[in-house]
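Colleague:
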Amino acid sequence: MIALIPSHPIFIFFRIARIYSIVRYYNLLWRFGLSGKLTNALHKFLYDTGFIYLLSISLVILIFSSLIFASFEHDSLQNSLWWAISTATTVGYGDITPKTDGGKIISAVLMLGGIGFIGLLTSTITDFFTSQDKHNDETDVLKDLTKQVTRLSRQVNQLQKELKKEAVPKKLPTAKNHQKNRRS
């Protein structure tokens, strides 16, 4: 009987972790050439934006509110989790509504906290992709400006060389030549 516990659907996360360990063990990402690019992009997205922390807090809010809702409303955990997700994402189908005062209070807290954190999650995702576009645009502009500066500096150097060639001093008139030219 105990051996059947890991096959319960709630342990699906551990099976996903097993797939991750297989991918890591066989270095599949490295073999496909995705190792550096994928891990750098994923690390930037998860940690530099704070997405992992927002996601964790959102999941904790959803799970705790569904647990408390299930105890107040005497409902199953599956239904309570469905209620929590549909409430936090502002879908609110209305198929499960709180009937007790405790359930209504939990609903209000979930609506305020859950909607706020779900909004933060979506804005973080949007900000990550738009900042990537801005960064790419800025680098393109900088590259163009660098090309223009090098082109202009070449032209300035070429003009300086031409001016030096034209300004080569010819024989300067000596005092005798100057006096000869004055007499004639």
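1 is the number of the first residue of the sequence shown in the UniProt record's numbering; add one for each residue after it.
Every residue gets a Cβ at the ideal spot worked out from N, C-alpha and C, and that includes glycine.
1. Would you give the residue range spanned by the alpha helix (DSSP H) that Tyr47 belongs to?
2. Expressed to the nearest angstrom, what Euclidean distance is found between the alpha-carbon atoms of Thr124 and Ile19?
3. Is DSSP giving Ser56 helix, strand or coil here?
4. Specify, as a first and last residue, the run of the alpha helix (DSSP H) that Ile85 falls within.
5. Do the region 85-100 and the region 145-161 make contact, defined as three or more Cβ pairs closer than 8 Å?
6. For Ser80, which residues in the same chain have their Cβ closer than 6 Å to its Cβ, ignoring the five residues on either side in sequence?
7. One question on the structure: do Phe117 and Ile52 come within less than 8 Å of each other, judged by their Cβ atoms?
8. Once DSSP output is grouped into helix, strand and coil, what is the label at Ile105?
9. May I have the straight-line CA-CA distance separating Leu152 from Lys164, to the nearest angstrom?
10. For Thr100, which of Trp83, His74 and Leu112 has the nearest alpha-carbon?
11. Given Tyr93, which residues of its chain have a CB within under 8 Å of its CB, disregarding the five upstream and five downstream residues?
12. Any heavy atom of the ligand COA within a distance shorter than 7 Å of the CB on Trp83?
13. Can you tell me which of the three DSSP states Ile96 falls into?
14. DSSP three-state call for Val91: helix, strand or coil?
Modeller: Result, derived from the coordinates:
1. No alpha helix (DSSP H) holds Tyr47; DSSP gives it neither H nor E.
2. Answer to the nearest angstrom: the Cα atoms are 28 Å apart.
3. It is helical.
4. Start and end: Leu77 to Ala88.
5. No, they do not touch.
6. Once the five neighbours on either side are set aside, the close Cβ partners of Ser80 are Ser66, Phe69 and Ala70.
7. Against a cut-off of 8 Å, the Cβ pair of Ile52 and Phe117 comes out as no contact.
8. Helix.
9. Using only the alpha carbons, I get a separation of about 18 Å.
10. Ranking Trp83, His74 and Leu112 by Cα distance to Thr100 puts His74 first.
11. So the qualifying residues of the chain are Ser86.
12. As presented, the structure is devoid of all ligands, the ligand COA included, so that no description of it is given.
13. In this structure, Ile96 counts as coil in the three-state DSSP scheme.
14. Residue state for Val91 is assigned as coil, using DSSP reduced to three classes.
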